[in-house]
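Per our numbering, the sequence shown starts with residue 64, numbered consecutively.
Quick notes on the structure that follows.
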Amino acid sequence: MHACVHAFMLRGIDALACEVEVHLSEHGLPQICVVGLPDAAIRESVERVRRAIEASGFELPRHHVVVNLAPAGTRKEGPVYDLPIAMGLLFAGGTADPKRVEAPAQADWLIAGELALDGRLRPIRGAVSAALLARAHGRGVIVPVENALEASLVPGVRVIGARTLTEVVAFFRGEGEPGRAGEAVEVFEDVVTQRDAARDADRDWSDAPAVGLSPVDFRDIKGQAVAKRAMLIAAAGGHNALLLGPAGCGKTMLVRALAGILPPLQAEEALEVLRIGSCAGVECRTIPLRGKLDLPRPIRAPHHGASATAIVGGGPSGRPGEITLAHHGVLFLDELPEFRRDVLEALREPLEGGEVSIARASGSIRWPAMAMLVAAMNPTARGDRDSGARGARAMADYLGRVSGPILDRIDLHVEVRRVSARDLARLKPSGESAAMRDQVIAARGRALCRQGSTPNARLATSVLDRHCKLDGAGGELLTSGLDDLGLSARAYDKIRRVARTIADLAGESDINASSVAEAIQYRTLGGRTGG
């Protein structure tokens, strides 16, 4: 007696096909043996499966059982195989045989879920990637009901959310008609039920706040015209930025306001963000139910005591780090020099290449990491700048905690000054976030028509001459600035990318001297050249 159930295994954000083969033999002791490089969680699943089958009122086959997880040469991890193993046992033993002609065929479905001892299904990681895999093979997917909504946001795949093992067995027997009112099994066709769609029909999800920081309006920040302009440029081009200023000058508020002017995610970007959250086991706080995927851009703000593994990723299972969880969003590092040196140095390759590669004996795991880095720091360890030579030395020493190569990878170096009490009283609000967001979306639209979905900050060096054309005066100014400031070749290219964004904000096709001059001013900090 033999049965085969389609399942999946995760490698980064990708789901790979896996078959759970179950063979019952009358020869040998009545026991269950799992082969195919299972980890401890899968080996323990045998006991969970036994108890769940018994608690659900089904009879466990009294045979010698071999469960093979194919391909056998790849290590399998996690409790995601509980439900496939249980269904394989019930299929092989005849318990889940169809009772009706119209019952669904097991070969048409990918099955995944963790089992509780009483037969309930518990949520899993990677349901979105599993739905993508099922769609690629022309199958539907059965997952725990807690995962059904996120999986249903993948277009073109039928998703069934089940609460118990009994419901899944009833579905394959053809005893239920999922989707009808009162039925235990819910069916999610591409999006969700009409009831849920109507519930959120009036909400404008395109303006949903970014995850991680509560946004404020730029008009609530008095003064700081230069810093506001820098945040506008960063949002329009996806540029990394560093804010340097004394404690209490508004650096964190500027970052919170930045969250409110970021452009909406494109459909492909939103699906990647959803996949990462699903694979990492991070519940997405805001999932729209309106027939399209409108997620806010994520903003992650880890504490400066975080380890390199927490920021970049790694660990025994190769879990994603904060920079991956901020993919297509913002990674905010407050008190930048207080982060450990090894943590900051580990960010070099992700900031440059937009991905993290975690090497393991079984192979490399790649996580996307195209996040904007926005960092903030005080001028000195005391929190404020001192006058005279001693103050300059203290500032240089504190900034020296951040290596040159890291500063070189930050496009915008912005000095934020404290606004005096007199100016706070007389200054009028300026720079509404709604208007700034419109500017950002318009600039991104120009870039989209010119170079596709790649933001200006991520333009490859090989295409800079084509997309970042400088007029005569702009080219001369950039060349002289390179010599006068002693900038590196990387800084030279970053100035061109920033100037491209400034020109996009101005609606200009070519980059003029004014755009170059503004871009150059963002390469110095407190007298120290950022390049």
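Quick reminder that beta carbons are idealized off the backbone N, C-alpha and C, glycines included.
At a Cβ-Cβ threshold of 8 angstroms, alanine 343 and proline 383 count as neighbours. With contacts defined as CB atoms closer than 8 angstroms, aspartate 447 and threonine 315 fail to qualify as a contacting pair. Secondary structure of cysteine 512 (DSSP, three-state): helix. Secondary structure at histidine 65: strand, using DSSP grouped into helix, strand and coil.
Every alpha helix (DSSP H) of 4 residues or more that sits fully in the region 513-572 is shown, in chain order, as 527-530, 535-548, 552-569. Taking the Cα positions, valine 130 is about 34 angstroms away from valine 419. When DSSP states are grouped into helix, strand and coil, proline 161 belongs to the coil group. In terms of CA proximity to alanine 133, Ala70 leads the group Asp171, Ala70, Gly189, Gly463.
In terms of Cα proximity to methionine 440, the closest of Leu414, Asp471, Asp474, Phe395 is Phe395.
For the pair leucine 153 and valine 232, the CB atoms are nearer than the 8 angstroms cut-off. A direct Cα-Cα distance of roughly 39 angstroms separates aspartate 567 from glycine 454. The bridge partners DSSP lists for alanine 70 are Cys81. Per DSSP, the unbroken beta strand (DSSP E) holding alanine 133 starts and ends at 127-133.
Beta bridge pairing from DSSP links lysine 139 with Pro101. Take the alpha-carbon of proline 365 and the one of valine 345: they are about 15 angstroms apart. By alpha-carbon distance to valine 220, the top candidate from Leu196, Ala582, Ala149 is Leu196. In the DSSP assignment, isoleucine 76 falls outside any alpha helix (DSSP H), carrying neither H nor E. Collapsing the DSSP output to three states places valine 419 in a strand. Contact between valine 375 and alanine 409 is confirmed by a C-beta separation of about 5 angstroms, below the 8 angstroms threshold. Taking C-beta atoms under 8 angstroms as the contact rule, threonine 227 and glycine 182 qualify, at a distance of about 5 angstroms. Per DSSP, the continuous alpha helix (DSSP H) segment holding proline 147 begins and ends at 145-156. DSSP places phenylalanine 402 in the coil class of the three-state scheme, outside both helix and strand. For the region 266-346, the continuous alpha helix (DSSP H) assignments of 4+ residues that do not extend past its boundaries occur at 288-300, 314-322, 330-343, in sequence order. Between valine 191 and arginine 338 the beta-carbon gap is near 5 angstroms, inside 8 angstroms, which marks them as a contact. The alpha-carbon of threonine 587 is positioned some 28 angstroms away from that of valine 279.
Each residue's CA atom was taken as its position, placing threonine 372 and aspartate 405 some 10 angstroms apart.
Between glycine 91 and lysine 139, the CB-CB gap reaches or exceeds 8 angstroms. With respect to serine 341, glycine 141 sits apart: the two C-beta atoms are not nearer than 8 angstroms. Annotation: arginine 198 is outside any beta strand (DSSP E); the continuous alpha helix (DSSP H) that includes it extends over 190-199. Taking C-alpha positions only, arginine 111 is separated from alanine 118 by approximately 10 angstroms.
Around the Cβ of glutamine 287, a 10 Å sphere holds 16 or more other Cβ atoms; the residue is buried. If you draw a straight line from the Cα of proline 147 to the Cα of isoleucine 428, it comes to about 25 angstroms.
Leaving aside the five residues that flank arginine 509 on each side, the residues in its chain whose CB is nearer than 8 angstroms to its CB run, in chain order, Asp567, Gly570.
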